[in-house]
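A.B. asks:
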Amino acid sequence: MNNLIKLGTGGAHLVADDPWNWVREPLEPLPDGPLLLPLALWRQRQSEDVLAGRADSRDGLWLAPDDEPEELAPWLAGLPLIALEFPSFRDGRAYSQAYLLRTRLGWQGELRSVGDVLRDQLSHMRQCGFDAFAVREDKSAADALKGLQGISVLYGRSVLEPRPLFRRRIGADEEEC
Amino acid sequence: MYQYDEYDHALVLERVAQFRDQIERRLNGELSEEEFLPLRLQNGLYLQKHAYMLRVAIPYGTLSSVQMRTLAHIARHYDRDYGHFTTRQNIQFNWIELEQVGDILERLAEVEMHAIQTSGNCVRNITTEAFAGVAADELLDPRPLAEILRQWSTVNPEFLYLPRKFKIAICSAEQDRAAIMMHDIGLYLYRDAAGELLLRVMVGGGLGRTPILGQQVREALPWRHLLSYIEAILRVFNRHGRRDNKYKARIKILVKALGVEAFAREVEEEWQHIKDGPAELTEAEYRRVAAFFAPPAYEALSDTDLDYGSALAGDAEFARWAAHNLQAHKVPGYAAVVLSTKPGPAMPPGDVTAAQMEGIAELAERYGFGEIRIAHEQNLVLPDVRKADLHAVWQRARELGLATPNIGLLTDIIACPGGDYCSLANAKSIPIAQAIQARFEDLDHLHDLGELSLNISGCMNACAHHHIGNIGILGVDKNGSEWYQVTIGGAQGKASALGKVIGPAFGAEQIPEVIERLVDTFLAYREGDEPFVDTVQRIGLEPFKERVYRQQEASA
Numbered sequence: 001m002n003n004l005i006k007l008g009t010g011g012a013h014l015v016a017d018d019p020w021n022w023v024r025e026p027l028e029p030l031p032d033g034p035l036l037l038p039l040a041l042w043r044q045r046q047s048e049d050v051l052a053g054r055a056d057s058r059d060g061l062w063l064a065p066d067d068e069p070e071e072l073a074p075w076l077a078g079l080p081l082i083a084l085e086f087p088s089f090r091d092g093r094a095y096s097q098a099y100l101l102r103t104r105l106g107w108q109g110e111l112r113s114v115g116d117v118l119r120d121q122l123s124h125m126r127q128c129g130f131d132a133f134a135v136r137e138d139k140s141a142a143d144a145l146k147g148l149q150g151i152s153v154l155y156g157r158s159v160l161e162p163r164p165l166f167r168r169r170i171g172a173d174e175e176e177c
Numbered sequence: 001m002y003q004y005d006e007y008d009h010a011l012v013l014e015r016v017a018q019f020r021d022q023i024e025r026r027l028n029g030e031l032s033e034e035e036f037l038p039l040r041l042q043n044g045l046y047l048q049k050h051a052y053m054l055r056v057a058i059p060y061g062t063l064s065s066v067q068m069r070t071l072a073h074i075a076r077h078y079d080r081d082y083g084h085f086t087t088r089q090n091i092q093f094n095w096i097e098l099e100q101v102g103d104i105l106e107r108l109a110e111v112e113m114h115a116i117q118t119s120g121n122c123v124r125n126i127t128t129e130a131f132a133g134v135a136a137d138e139l140l141d142p143r144p145l146a147e148i149l150r151q152w153s154t155v156n157p158e159f160l161y162l163p164r165k166f167k168i169a170i171c172s173a174e175q176d177r178a179a180i181m182m183h184d185i186g187l188y189l190y191r192d193a194a195g196e197l198l199l200r201v202m203v204g205g206g207l208g209r210t211p212i213l214g215q216q217v218r219e220a221l222p223w224r225h226l227l228s229y230i231e232a233i234l235r236v237f238n239r240h241g242r243r244d245n246k247y248k249a250r251i252k253i254l255v256k257a258l259g260v261e262a263f264a265r266e267v268e269e270e271w272q273h274i275k276d277g278p279a280e281l282t283e284a285e286y287r288r289v290a291a292f293f294a295p296p297a298y299e300a301l302s303d304t305d306l307d308y309g310s311a312l313a314g315d316a317e318f319a320r321w322a323a324h325n326l327q328a329h330k331v332p333g334y335a336a337v338v339l340s341t342k343p344g345p346a347m348p349p350g351d352v353t354a355a356q357m358e359g360i361a362e363l364a365e366r367y368g369f370g371e372i373r374i375a376h377e378q379n380l381v382l383p384d385v386r387k388a389d390l391h392a393v394w395q396r397a398r399e400l401g402l403a404t405p406n407i408g409l410l411t412d413i414i415a416c417p418g419g420d421y422c423s424l425a426n427a428k429s430i431p432i433a434q435a436i437q438a439r440f441e442d443l444d445h446l447h448d449l450g451e452l453s454l455n456i457s458g459c460m461n462a463c464a465h466h467h468i469g470n471i472g473i474l475g476v477d478k479n480g481s482e483w484y485q486v487t488i489g490g491a492q493g494k495a496s497a498l499g500k501v502i503g504p505a506f507g508a509e510q511i512p513e514v515i516e517r518l519v520d521t522f523l524a525y526r527e528g529d530e531p532f533v534d535t536v537q538r539i540g541l542e543p544f545k546e547r548v549y550r551q552q553e554a555s556a
């Protein structure tokens, strides 16, 4: 996939040589190279060892908004990449999926947003734990970078900052739990 | 009142800059209207029939006199000299140019105001009653928790693209004056026998196309778990609420589809994961926020004031106003004054001019502690007036055109802007309100009718809450012409009820006559002093229908 932004230790950068092929529909034959597959197809293509959690998968997996992230629990350790789809930027289900994957299921690998991924929502995605953003093809990823920072104040909490502001204020630590 | 600290200021200013940039990109074509739409809605900006409308947030309906003066300034310089107070305790400016929005928001930020999340599919302004902090029947000021919720829900990244808008209200008085039962989440705050502060959580209320009253999902939730419990509800809703049909996307449809028990189980399960985490509120945070709402420096007064007493005795008009437009105060010698924005045909309900706003600000400073409240019935409240000052306040309010003695009466009509402004409306609301107000101008008659709420919405979105009006009027479109459906028996508060349709819709010109016949029927069957809604409950719809439609046929 091109038009990609990734967060790394040195900050955000554009990626022009991403090897992953996003397989939106179960095509025959499947393209070459590393594949990013929908849940059903991913499952079909895995060996018993992968499905039993004894081996790593070569295939990345993308979830549609109505897929349940909890289903991935047995395979998380062997997955190279998870992507969450925004069929429209107005569909916010992937924010909750991202929260669950990062906070509850402990996914540490790359979490990529795909689909209707636009500049003005990137900061929310980042707060919810996405660290890669496949910006919509017709939009400039370089421009979208400007949307990554967003507003510096977070009253509540997020994946990046699990403590609400009231626990981060100076002098608010006497009651930490 | 709550005062911004460096975090609040930074957030609001950064938000203004961000939205300025988005407007800029819209104007130069970088953003399509489709991409811009949710961004502008989350900044309170609608595109109406004639111009942009900007809805400014008034958190839980509390406003300072300084803020009111700024609203007057905006009305004067950017609008046509007035603003419209809404049923969500906000204010709308109806004639705004897109190019001016950045400047307006910056001006608002100077006085600690914003328009963030006053629209869009996100958590909206947190509401409570207009008498918060002063009502005699209050257990505890609901505003600290409302402010905590405001902060928590503002730009909360996970919940900005929910299936649909999301409204939360909180009530902590004996009487529910905050319409809790018609909110996506309604919170009743109370104390148990041991004095612990608890919440009863209602979910799935809402009006619109499918009016449903909220149902209880949780009893006795310790206040410290407020944020995590609401987070759990929102996560369940965000994941599972319908997104295929706008009219089935509110949480009420999800609650109905699952059943309230199953829904409550889902929430409970989600909540178990997060309840003891960092979202748990601390005493320190509650105290920090509550300190902003500490009672002002009230004087120690006797509850009876001689001058007030003799003014009541000597001035019948004043006495009539005092009987209807005051609310009991928890501090002896004080009262809360309701300023009516419903003078009759002269001014649409909820509309207030710049000069009136300045007059109200002055009253609040002179005869109060500089504080003003917005009631969801679209009236304004001076929360802390000494009884000794009531006569002076009344005189000044009368000069300002804000002393119509009709609070809670039939002409205290709640109406949305309707077809005159709103592009969603099927029919006009304002002329209907004005025609009814003209028909019931006789104050003696009006007062004899007693408590009677009348709500007019110009479309199914029900911004004027017509379902919970004792009389509700809904604008409908029939083959391109405007018709009005009438319901009776609706009620708000703890005895909330949805009104029932009396029969086929009417033309605009018939409405005043229909209302008169409903009222005549009520008077014919009324027992003692019972209010309209009790009579409807007792005798049912039939006598009303019969009178309205039989004569309808006879006159046709």
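Protein chains in written order, with the UniProt record's numbering: chain Z, 1 to 177; chain D, 1 to 556.
Every residue, glycine too, gets a C-beta built ideally from N, C-alpha and C.
Remember, it's a predicted structure, so these values are computed and weren't measured experimentally.
(1) Hey, is Asp120 (chain Z)'s beta-carbon within less than 7 angstroms of any beta-carbon in chain D?
(2) Output yes if chain D places a C-beta closer than 7 angstroms to the C-beta of His13 (chain Z); else output no.
(3) Between the alpha carbons of His467 (chain D) and Gly493 (chain D), how many angstroms are there, rounded?
(4) Specify the secondary structure class of Pro431 (chain D) as computed by DSSP and reduced to three states.
(5) Which of the three DSSP states is assigned to Gln378 (chain D) in this structure?
(6) From the beta carbon of Thr118 (chain D), is the nearest beta carbon of chain Z less than 7 angstroms away?
(7) Under 9 angstroms between beta-carbons, which chain D residues line up against Leu39 (chain Z)? List them in chain order, please.
(8) Would Glu175 (chain Z) count as contacting chain D if we go by Cβ distances under 7 angstroms?
(9) Answer yes if the segment 115-126 of chain Z comes into contact with the segment 145-157 of chain Z, meaning at least three C-beta pairs across the two stretches below 8 angstroms, and no otherwise.
(10) To test your reading of the DSSP string, which unbroken alpha helix (DSSP H) runs of 4 or more residues are found completely within the segment 329-374 of chain D?
(11) Nearest to Val514 (chain D) by CA position, among D:Pro531, D:Val536, D:Gly540, D:Thr487, is which residue?
(12) Counting only beta-carbon atoms, is Ala249 (chain D) nearer than 7 angstroms to chain Z?
(13) Given that a residue counts as buried once 16 or more other Cβ atoms are within 10 Å of its Cβ, and exposed if not, what is Glu175 (chain Z)?
(14) At a Cβ threshold of 7 angstroms, is Phe130 (chain Z) touching chain D?
(15) Determine which residues of the segment 33-59 of chain D have a Cβ less than 8 angstroms from any Cβ of chain Z, and write them out in chain order.
(16) If the cut is a Cβ gap below 7 angstroms, which residues of chain Z does Gln18 (chain D) touch?
(17) If you draw a straight line from the C-alpha of Leu37 (chain Z) to the C-alpha of Ala52 (chain Z), how long is it?
(18) Against chain D, does Phe166 (chain Z) count as a neighbour if the rule is that its beta carbon must be under 7 angstroms from one of theirs?
(19) Start and end of the alpha helix (DSSP H) containing Leu41 (chain Z)?
(20) If you count every other CB in all the chains shown that lies within 10 Å of the CB of Leu160 (chain Z), and 16 or more means buried, which is it?
(21) Rounded to a whole number of angstroms, what is the C-alpha to C-alpha distance between Lys165 (chain D) and Met357 (chain D)?
(22) Taking only beta-carbon positions, decide if Ala10 (chain D) is within less than 7 angstroms of chain Z.
(23) What residues match up with Cys171 (chain D) in a beta bridge as DSSP calls it?
(24) Does at least one heavy atom of the ligand MN sit under 6 angstroms from the Cβ of Ile414 (chain D)?
(25) Mind reading off the beta-carbon distance from Pro162 (chain Z) to Tyr155 (chain Z)? Whole number of angstroms is fine, and I expect it under 8 angstroms.
(26) In the segment 74-97 of chain Z, which residues sit with their C-beta less than 8 angstroms from some C-beta in chain D, listed in chain order?
(27) From which residue to which residue does the alpha helix (DSSP H) around Met68 (chain D) run?
(28) Going by other Cβ atoms of all chains shown within 10 Å of its Cβ, with 16 needed for buried, is Tyr308 (chain D) buried or exposed?
(29) Between which residues of its own chain and Leu11 (chain D) is the CB-CB distance below 6 angstroms, once the five residues before and five after are set aside?
(30) Considering only DSSP beta bridges, list what Leu226 (chain D) is partnered with.
(31) May I ask which residues mark the beginning and end of the beta strand (DSSP E) holding Trp62 (chain Z)?
(32) To which residues does DSSP link Ile471 (chain D) through a beta bridge?
(33) With H, G and I counted as helix, E and B as strand and the rest as coil, what does DSSP make of Glu176 (chain Z)?
(34) Counting only the same chain and skipping the five closest in sequence on each side, list residues whose C-beta sits under 6 angstroms from that of Asp176 (chain D).
(35) Quick check on Phe544 (chain D): buried or exposed, where buried means 16 or more other Cβ atoms within 10 Å of its Cβ?
(36) How about Gly549 (chain D): is its C-beta nearer than 7 angstroms to some C-beta of chain Z?
C.D. replies: Quick look at the numbers:
(1) So yes, Asp120 (chain Z) belongs to the interface.
(2) Contacts with chain D at 7 angstroms (Cβ-Cβ) do not include His13 (chain Z).
(3) Taking the straight line from one Cα to the other gives about 13 angstroms.
(4) DSSP places Pro431 (chain D) in helix when its eight states are reduced to three.
(5) Of the three classes helix, strand and coil, the one that applies to Gln378 (chain D) here is coil, per DSSP.
(6) Under the 7 angstroms criterion on CB atoms, Thr118 (chain D) is classed as non-interfacial with respect to chain Z.
(7) By Cβ distance, chain D contributes nothing, its closest Cβ being about 16 angstroms from Leu39 (chain Z), past 9 angstroms.
(8) Low confidence applies here, because Glu175 (chain Z) scores a pLDDT of 47, under 50, leaving its location unreliable and the question unanswered by this model.
(9) The segment 145-157 of chain Z vs the segment 115-126 of chain Z: in contact.
(10) Runs found: 354-366.
(11) Checked all of D:Pro531, D:Val536, D:Gly540, D:Thr487; the closest Cα to Val514 (chain D) is D:Thr487.
(12) Not a single CB atom of chain Z sits nearer than 7 angstroms to the CB of Ala249 (chain D).
(13) Bear in mind that the predicted position of Glu175 (chain Z) carries a pLDDT of just 47, short of 50, making it too unreliable to give a figure here.
(14) Not an interface residue.
(15) Residues of the segment 33-59 of chain D that bring their beta carbon within less than 8 angstroms of a beta carbon in chain Z comprise Glu35, Pro38, Leu39, in sequence order.
(16) Result: Ile151.
(17) If you draw a straight line from the Cα of Leu37 (chain Z) to the Cα of Ala52 (chain Z), it is about 18 angstroms long.
(18) Yes, Phe166 (chain Z) counts as interfacial toward chain D.
(19) Note, Leu41 (chain Z): alpha helix (DSSP H), 39-45.
(20) Leu160 (chain Z) is exposed by the Cβ-count criterion.
(21) If you take the alpha carbons of Lys165 (chain D) and Met357 (chain D), they lie about 29 angstroms apart.
(22) At least one chain Z Cβ lies under 7 angstroms of Ala10 (chain D).
(23) DSSP lists D:Tyr188 as partners of Cys171 (chain D).
(24) No copy of the ligand MN appears in this structure; indeed no ligand is present at all.
(25) No, Pro162 (chain Z) and Tyr155 (chain Z) are not in contact; Cβ-Cβ is about 14 angstroms, not under 8 angstroms.
(26) The residues in question are Phe89, Arg90, Asp91, Gly92, Arg93, Tyr95, Ser96, Gln97.
(27) Where Met68 (chain D) is concerned, the enclosing alpha helix (DSSP H) stretches over 65-78.
(28) Residue environment: Tyr308 (chain D) is assigned as buried (16 or more neighbouring CB atoms within 10 Å of its CB, all protein chains considered).
(29) Around Leu11 (chain D): no qualifying Cβ.
(30) Answer is none; Leu226 (chain D) lacks a bridge partner.
(31) Counting along the chain, the beta strand (DSSP E) containing Trp62 (chain Z) begins and ends at 60-63.
(32) DSSP, once it has assigned bridges, lists D:Leu454, D:Ile488 as partnering Ile471 (chain D).
(33) Interpretation of Glu176 (chain Z) is limited by its pLDDT of 44, a score under 50 that renders its predicted location unreliable; the figure taken from the coordinates is listed afterwards. DSSP places Glu176 (chain Z) in coil when its eight states are reduced to three.
(34) Closer than 6 angstroms at the Cβ level, and outside the excluded window around Asp176 (chain D), lie Gly493, Lys494.
(35) Burial state of Phe544 (chain D) is buried, judged by a 10 Å Cβ sphere holding 16 or more other Cβ atoms.
(36) The residue you asked about is not Gly; residue 549 (chain D) is Tyr in the sequence shown. No - not a single Cβ of chain Z is within 7 angstroms of the one on Tyr549 (chain D).
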